[in-house]
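**Student:** Sharing a structure with you now.
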Amino acid sequence: KAFLTKVASGVVAAAMAILLFFLFSGIGFYGEAITYFVVFYVVFLIGLFFSITNEIVSLIAVNVVALIVTLVLVSNSIDHRKHYIENGFLLEAYIDDYPSYLDVLKHSFGLGSDVSAFANDCLGTKDEPVPKNKMPETCLGLKKIQENYGVDLIDMIITYHGKMKRTARAIEEGTVDRLRYPACINRKSCGYVPLPPSNLSERQIESSKDPEITILRDGFWDLIDRREITPRVCANMYLCNTLVDRGMLNNADFKAMQRRQNPSFEENIEKNEIQFNQIR
(Lines of atoms letter the chains of each structure in order from A and count residues from 1; the text may use other names and numbers.)
(Lines give C-alpha, C1' and ligand atoms only; values in the text may rest on other atoms or scores of the structure.)
Protein backbone atom coordinates (compact mmCIF):
# COMPACT_ATOMS: atom_id res chain seq x y z
CA LYS A 1 0.00 0.00 0.00
CA ALA A 2 2.83 2.41 0.87
CA PHE A 3 4.53 1.59 -2.44
CA LEU A 4 1.34 2.23 -4.40
CA THR A 5 0.87 5.53 -2.60
CA LYS A 6 4.38 6.61 -3.65
CA VAL A 7 3.71 5.56 -7.24
CA ALA A 8 0.38 7.39 -7.28
CA SER A 9 1.97 10.51 -5.79
CA GLY A 10 4.70 10.47 -8.44
CA VAL A 11 2.23 10.00 -11.30
CA VAL A 12 -0.02 12.78 -10.00
CA ALA A 13 2.96 15.12 -9.56
CA ALA A 14 4.12 14.42 -13.13
CA ALA A 15 0.63 14.98 -14.51
CA MET A 16 0.32 18.24 -12.58
CA ALA A 17 3.69 19.36 -13.96
CA ILE A 18 2.42 18.76 -17.49
CA LEU A 19 -0.67 20.88 -16.81
CA LEU A 20 1.46 23.68 -15.34
CA PHE A 21 3.67 23.57 -18.44
CA PHE A 22 0.63 24.08 -20.66
CA LEU A 23 -0.66 26.89 -18.46
CA PHE A 24 2.72 28.61 -18.27
CA SER A 25 3.10 28.41 -22.06
CA GLY A 26 -0.31 30.00 -22.52
CA ILE A 27 0.04 32.93 -20.11
CA GLY A 28 -1.85 35.89 -21.53
CA PHE A 29 -4.21 33.71 -23.55
CA TYR A 30 -6.54 32.32 -20.90
CA GLY A 31 -10.23 32.31 -21.68
CA GLU A 32 -13.08 31.64 -19.28
CA ALA A 33 -13.04 27.95 -20.24
CA ILE A 34 -9.59 27.41 -18.71
CA THR A 35 -10.95 27.57 -15.16
CA TYR A 36 -13.42 24.76 -15.82
CA PHE A 37 -10.81 22.58 -17.49
CA VAL A 38 -8.34 23.02 -14.63
CA VAL A 39 -11.03 22.04 -12.11
CA PHE A 40 -11.88 18.94 -14.17
CA TYR A 41 -8.19 18.08 -14.42
CA VAL A 42 -7.72 18.25 -10.66
CA VAL A 43 -10.80 16.07 -10.12
CA PHE A 44 -9.43 13.47 -12.53
CA LEU A 45 -6.05 13.61 -10.78
CA ILE A 46 -7.75 12.80 -7.49
CA GLY A 47 -9.57 9.97 -9.22
CA LEU A 48 -6.29 8.69 -10.67
CA PHE A 49 -4.60 8.78 -7.26
CA PHE A 50 -7.49 6.84 -5.73
CA SER A 51 -7.60 4.26 -8.53
CA ILE A 52 -3.83 3.61 -8.40
CA THR A 53 -3.69 3.22 -4.64
CA ASN A 54 -6.65 0.83 -4.78
CA GLU A 55 -5.41 -1.01 -7.90
CA ILE A 56 -8.59 -0.42 -9.90
CA VAL A 57 -7.26 -0.87 -13.42
CA SER A 58 -10.43 0.13 -15.27
CA LEU A 59 -10.70 3.36 -13.27
CA ILE A 60 -7.01 4.10 -13.89
CA ALA A 61 -7.65 3.85 -17.65
CA VAL A 62 -10.72 6.08 -17.47
CA ASN A 63 -8.90 8.80 -15.53
CA VAL A 64 -5.83 8.69 -17.80
CA VAL A 65 -8.01 9.13 -20.88
CA ALA A 66 -9.95 11.92 -19.16
CA LEU A 67 -6.70 13.71 -18.25
CA ILE A 68 -5.42 13.49 -21.83
CA VAL A 69 -8.69 14.81 -23.23
CA THR A 70 -8.68 17.67 -20.71
CA LEU A 71 -5.12 18.61 -21.69
CA VAL A 72 -6.20 18.73 -25.33
CA LEU A 73 -9.10 21.00 -24.36
CA VAL A 74 -6.75 23.26 -22.38
CA SER A 75 -4.43 23.52 -25.38
CA ASN A 76 -7.29 24.21 -27.79
CA SER A 77 -8.76 26.83 -25.47
CA ILE A 78 -5.43 28.66 -25.29
CA ASP A 79 -5.01 28.48 -29.08
CA HIS A 80 -8.56 29.79 -29.57
CA ARG A 81 -7.88 32.84 -27.40
CA LYS A 82 -4.40 33.34 -28.87
CA HIS A 83 -5.78 33.44 -32.41
CA TYR A 84 -8.25 36.14 -31.37
CA ILE A 85 -5.66 38.31 -29.62
CA GLU A 86 -2.96 37.99 -32.29
CA ASN A 87 -5.15 38.19 -35.39
CA GLY A 88 -8.10 40.25 -34.25
CA PHE A 89 -11.69 39.53 -35.17
CA LEU A 90 -13.32 41.07 -38.23
CA LEU A 91 -16.77 40.99 -36.65
CA GLU A 92 -15.71 42.51 -33.33
CA ALA A 93 -18.08 45.44 -33.73
CA TYR A 94 -21.07 43.15 -34.21
CA ILE A 95 -20.82 41.11 -31.01
CA ASP A 96 -20.69 41.97 -27.31
CA ASP A 97 -17.98 39.45 -26.43
CA TYR A 98 -15.73 37.15 -28.41
CA PRO A 99 -17.05 33.56 -28.19
CA SER A 100 -15.26 31.45 -25.61
CA TYR A 101 -13.96 27.97 -26.34
CA LEU A 102 -16.94 26.68 -24.37
CA ASP A 103 -19.19 28.23 -27.03
CA VAL A 104 -17.16 26.40 -29.68
CA LEU A 105 -17.60 23.10 -27.82
CA LYS A 106 -21.33 23.64 -27.35
CA HIS A 107 -21.76 24.30 -31.05
CA SER A 108 -19.88 21.10 -31.88
CA PHE A 109 -22.70 19.30 -30.04
CA GLY A 110 -25.36 21.18 -31.98
CA LEU A 111 -26.01 23.84 -29.35
CA GLY A 112 -25.80 27.57 -29.99
CA SER A 113 -23.75 29.27 -32.69
CA ASP A 114 -20.07 29.65 -33.52
CA VAL A 115 -19.51 33.05 -35.09
CA SER A 116 -15.74 32.70 -34.62
CA ALA A 117 -15.64 29.60 -36.84
CA PHE A 118 -17.78 31.39 -39.44
CA ALA A 119 -15.43 34.36 -39.49
CA ASN A 120 -12.30 32.19 -39.69
CA ASP A 121 -13.66 29.91 -42.42
CA CYS A 122 -15.53 32.42 -44.56
CA LEU A 123 -13.82 35.78 -43.98
CA GLY A 124 -10.36 35.09 -42.57
CA THR A 125 -8.39 37.84 -40.84
CA LYS A 126 -7.51 41.41 -41.75
CA ASP A 127 -4.04 40.35 -42.89
CA GLU A 128 -5.10 37.05 -44.46
CA PRO A 129 -8.64 37.24 -45.85
CA VAL A 130 -10.14 34.09 -47.31
CA PRO A 131 -10.20 34.45 -51.14
CA LYS A 132 -13.73 34.39 -52.56
CA ASN A 133 -12.87 31.49 -54.85
CA LYS A 134 -11.53 29.43 -51.95
CA MET A 135 -14.42 29.71 -49.53
CA PRO A 136 -15.66 26.31 -48.34
CA GLU A 137 -19.12 25.01 -49.24
CA THR A 138 -20.31 25.87 -45.74
CA CYS A 139 -20.00 29.58 -46.61
CA LEU A 140 -21.97 29.62 -49.84
CA GLY A 141 -25.21 31.32 -48.87
CA LEU A 142 -27.06 32.43 -45.77
CA LYS A 143 -28.92 29.13 -45.42
CA LYS A 144 -25.75 27.04 -45.41
CA ILE A 145 -24.10 29.44 -42.96
CA GLN A 146 -27.10 29.14 -40.63
CA GLU A 147 -27.04 25.33 -40.91
CA ASN A 148 -23.28 24.91 -40.40
CA TYR A 149 -22.43 27.70 -37.96
CA GLY A 150 -25.77 28.52 -36.36
CA VAL A 151 -25.20 32.20 -37.21
CA ASP A 152 -28.15 34.38 -38.27
CA LEU A 153 -26.35 37.02 -40.32
CA ILE A 154 -29.56 38.85 -41.23
CA ASP A 155 -30.35 39.30 -37.53
CA MET A 156 -26.78 40.49 -36.95
CA ILE A 157 -27.07 43.07 -39.75
CA ILE A 158 -30.47 44.29 -38.56
CA THR A 159 -29.24 44.64 -34.97
CA TYR A 160 -26.18 46.61 -36.04
CA HIS A 161 -28.25 48.71 -38.43
CA GLY A 162 -30.35 49.74 -35.44
CA LYS A 163 -27.19 50.81 -33.61
CA MET A 164 -26.08 52.78 -36.69
CA LYS A 165 -29.45 54.56 -36.83
CA ARG A 166 -29.26 55.52 -33.15
CA THR A 167 -25.72 56.80 -33.66
CA ALA A 168 -26.65 58.84 -36.73
CA ARG A 169 -29.57 60.36 -34.84
CA ALA A 170 -27.28 61.23 -31.91
CA ILE A 171 -24.80 62.90 -34.28
CA GLU A 172 -27.57 64.86 -35.98
CA GLU A 173 -28.90 66.04 -32.61
CA GLY A 174 -25.41 66.91 -31.37
CA THR A 175 -25.35 64.52 -28.40
CA VAL A 176 -22.40 62.75 -30.05
CA ASP A 177 -19.80 64.81 -31.89
CA ARG A 178 -16.71 63.80 -33.87
CA LEU A 179 -14.51 64.03 -30.76
CA ARG A 180 -16.68 61.69 -28.67
CA TYR A 181 -17.57 59.41 -31.56
CA PRO A 182 -14.36 57.25 -31.50
CA ALA A 183 -14.69 56.62 -27.75
CA CYS A 184 -18.35 55.73 -28.23
CA ILE A 185 -17.32 53.23 -30.94
CA ASN A 186 -14.71 51.67 -28.66
CA ARG A 187 -17.32 51.19 -25.92
CA LYS A 188 -19.57 49.56 -28.54
CA SER A 189 -22.26 52.07 -27.61
CA CYS A 190 -22.18 53.50 -31.14
CA GLY A 191 -22.14 51.92 -34.56
CA TYR A 192 -19.93 52.97 -37.44
CA VAL A 193 -21.80 55.47 -39.58
CA PRO A 194 -20.83 57.04 -42.92
CA LEU A 195 -19.40 60.48 -42.20
CA PRO A 196 -18.01 62.80 -44.89
CA PRO A 197 -14.53 64.30 -44.22
CA SER A 198 -14.49 66.87 -41.43
CA ASN A 199 -12.55 69.37 -43.57
CA LEU A 200 -15.60 69.94 -45.80
CA SER A 201 -18.28 72.45 -44.95
CA GLU A 202 -21.91 71.44 -44.78
CA ARG A 203 -22.55 73.29 -48.03
CA GLN A 204 -19.68 71.52 -49.79
CA ILE A 205 -20.95 68.15 -48.61
CA GLU A 206 -24.51 68.80 -49.80
CA SER A 207 -23.42 70.06 -53.23
CA SER A 208 -20.67 67.51 -53.84
CA LYS A 209 -20.92 65.22 -56.88
CA ASP A 210 -17.89 63.16 -55.85
CA PRO A 211 -19.09 59.51 -55.60
CA GLU A 212 -16.90 58.94 -52.52
CA ILE A 213 -18.64 61.84 -50.77
CA THR A 214 -22.17 61.15 -51.99
CA ILE A 215 -22.15 57.51 -50.82
CA LEU A 216 -21.23 58.75 -47.33
CA ARG A 217 -23.64 61.68 -47.33
CA ASP A 218 -26.60 59.77 -48.71
CA GLY A 219 -25.83 56.74 -46.56
CA PHE A 220 -25.92 58.94 -43.45
CA TRP A 221 -29.28 60.48 -44.36
CA ASP A 222 -30.71 57.07 -45.21
CA LEU A 223 -29.98 56.12 -41.59
CA ILE A 224 -31.97 59.14 -40.45
CA ASP A 225 -34.85 58.98 -42.92
CA ARG A 226 -35.32 55.31 -43.79
CA ARG A 227 -36.63 52.59 -41.49
CA GLU A 228 -35.09 49.75 -43.49
CA ILE A 229 -31.47 49.28 -44.50
CA THR A 230 -30.69 50.64 -47.97
CA PRO A 231 -28.00 49.63 -50.46
CA ARG A 232 -26.12 52.84 -49.63
CA VAL A 233 -26.10 51.99 -45.94
CA CYS A 234 -25.10 48.41 -46.77
CA ALA A 235 -22.14 49.77 -48.74
CA ASN A 236 -21.00 51.56 -45.57
CA MET A 237 -21.46 48.57 -43.24
CA TYR A 238 -18.52 46.15 -43.29
CA LEU A 239 -20.56 43.02 -42.62
CA CYS A 240 -23.33 43.77 -45.11
CA ASN A 241 -20.97 44.95 -47.86
CA THR A 242 -18.68 41.96 -47.38
CA LEU A 243 -21.55 39.48 -47.60
CA VAL A 244 -22.71 41.12 -50.82
CA ASP A 245 -19.21 41.19 -52.28
CA ARG A 246 -18.67 37.51 -51.50
CA GLY A 247 -22.03 36.46 -52.86
CA MET A 248 -23.39 35.31 -49.50
CA LEU A 249 -26.14 37.94 -49.50
CA ASN A 250 -28.09 38.10 -52.76
CA ASN A 251 -30.69 40.58 -53.94
CA ALA A 252 -33.64 38.42 -52.88
CA ASP A 253 -32.25 38.04 -49.35
CA PHE A 254 -31.58 41.77 -49.19
CA LYS A 255 -35.16 42.67 -50.16
CA ALA A 256 -36.49 40.11 -47.66
CA MET A 257 -34.38 41.77 -44.97
CA GLN A 258 -35.80 45.18 -45.89
CA ARG A 259 -39.36 43.89 -45.65
CA ARG A 260 -38.57 42.26 -42.31
CA GLN A 261 -37.50 45.67 -41.00
CA ASN A 262 -40.34 47.52 -42.68
CA PRO A 263 -43.38 45.39 -43.66
CA SER A 264 -44.86 48.35 -45.58
CA PHE A 265 -41.70 48.72 -47.64
CA GLU A 266 -42.62 49.32 -51.29
CA GLU A 267 -39.31 50.20 -52.90
CA ASN A 268 -39.26 50.15 -56.69
CA ILE A 269 -37.82 46.66 -57.30
CA GLU A 270 -35.90 47.50 -60.45
CA LYS A 271 -34.30 50.58 -58.92
CA ASN A 272 -33.45 48.66 -55.76
CA GLU A 273 -31.71 45.91 -57.74
CA ILE A 274 -29.66 48.46 -59.68
CA GLN A 275 -28.54 50.16 -56.47
CA PHE A 276 -27.79 46.82 -54.84
CA ASN A 277 -25.68 45.62 -57.77
CA GLN A 278 -23.69 48.84 -57.68
CA ILE A 279 -22.25 48.02 -54.26
CA ARG A 280 -20.79 44.71 -55.40
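Take 2 as the starting number for the sequence shown in the numbering used here and just add one per residue.
We put the CB at the ideal spot given by N, CA and C, even for glycine.
Bear in mind that the values here come from a model prediction, so they are computed numbers and not experimental data.
Given this structure, state the Cα-to-Cα distance separating residue 150 from residue 181, to the nearest angstrom.
**Tutor:** Residue 150 and residue 181: Cα-Cα distance of roughly 36 angstroms.
**Student:** Here's a check: name, in chain order, each residue in its chain whose Cβ is nearer than 6 angstroms to the Cβ of residue 74, leaving out the five neighbours to either side.
**Tutor:** Correct list, in chain order: 38.
**Student:** Thinking C-alpha only, which one of 193, 175, 114 and 141 is nearest residue 166?
**Tutor:** For residue 166, the nearest C-alpha among the options comes from 193.
**Student:** Would DSSP call residue 21 helix, strand or coil?
**Tutor:** Helix, per DSSP.
**Student:** Look at residue 118 and residue 105 and say whether their C-beta atoms are less than 9 angstroms apart.
**Tutor:** Taking 9 angstroms as the Cβ cut-off, residue 118 and residue 105 qualify as a contacting pair.
**Student:** Going by DSSP in three states, residue 100 sits in which element: helix, strand or coil?
**Tutor:** Coil at residue 100, not helix or strand.
**Student:** Can you give me the C-alpha to C-alpha distance between residue 235 and residue 254, rounded to a whole angstrom?
**Tutor:** Looking at the two C-alpha atoms, the distance is approximately 13 angstroms.
**Student:** Suppose you measure from the CA of residue 210 to the CA of residue 177; what does that come to, to the nearest Å?
**Tutor:** If you take the alpha carbons of residue 210 and residue 177, they lie about 27 angstroms apart.
**Student:** Taking all protein chains shown into account, do 16 or more other C-beta atoms lie within 10 angstroms of the C-beta of residue 265, making it buried, or fewer, making it exposed?
**Tutor:** Exposed is the call here.
**Student:** Once the 5 residues before and after residue 41 are set aside, which same chain residues still bring their CB inside 7 angstroms of it?
**Tutor:** Here the set comprises 71.
**Student:** Taking only runs of the alpha helix (DSSP H) that begin and end inside the region 192-271, which ones reach a length of at least 4 residues, in chain order?
**Tutor:** You should have 203-208, 212-226, 232-236, 239-246 and 252-262.
**Student:** Excluding sequence positions up to five away, which residues of its chain have a Cβ less than 6 angstroms from the Cβ of residue 162?
**Tutor:** Taken in chain order, the residues that qualify are 230.
**Student:** Would the region 195-202 count as touching the region 242-254 if we require 3 or more Cβ pairs under 8 angstroms?
**Tutor:** The region 195-202 vs the region 242-254: no contact.
**Student:** What's the call for residue 152, buried or exposed, on a 16-neighbour Cβ count within 10 Å?
**Tutor:** Buried.
**Student:** For residue 186, tell me which candidate among 10, 15, 32 and 94 has the shortest Cα-Cα distance.
**Tutor:** Ranking 10, 15, 32 and 94 by Cα distance to residue 186 puts 94 first.
**Student:** Can you list, in chain order, the residues of its chain with a C-beta nearer than 6 angstroms to that of residue 258? Leave out the 5 residues immediately preceding and following it.
**Tutor:** Around residue 258: 155.
**Student:** Using a threshold of 9 angstroms, state whether the C-beta atoms of residue 91 and residue 125 are closer than that.
**Tutor:** Against a cut-off of 9 angstroms, the Cβ pair of residue 125 and residue 91 comes out as a contact.
**Student:** Using the C-alpha atoms, what's the distance from residue 10 back to residue 16?
**Tutor:** Roughly 10 angstroms separates the two Cα atoms.
**Student:** Would a C-beta distance cut-off of 9 angstroms place residue 228 and residue 263 closer than the cut-off?
**Tutor:** Contact: yes.
**Student:** What's the C-alpha gap between residue 88 and residue 30?
**Tutor:** One C-alpha to the other measures close to 13 angstroms.
**Student:** What do you get for residue 36, buried or exposed, if any count of 16 or more other CB atoms within 10 angstroms of its CB means buried?
**Tutor:** Burial call: exposed.
**Student:** Note down the Cα distance separating residue 113 from residue 78, rounded to an integer number of angstroms.
**Tutor:** Whole-angstrom Cα-Cα distance: 18 angstroms.
**Student:** Can you say whether residue 101 is buried or exposed, counting buried as having 16 or more other CB atoms within 10 angstroms of its CB?
**Tutor:** The residue is buried, with at least 16 neighbouring Cβ atoms inside 10 Å.
**Student:** Have a look at residue 226 and residue 135 and give me their C-alpha separation to the nearest angstrom.
**Tutor:** Cα to Cα, the separation comes out at about 39 angstroms.
**Student:** List the endpoints of the continuous alpha helix (DSSP H) containing residue 120.
**Tutor:** First-last for residue 120: undefined, no H or E at that position.
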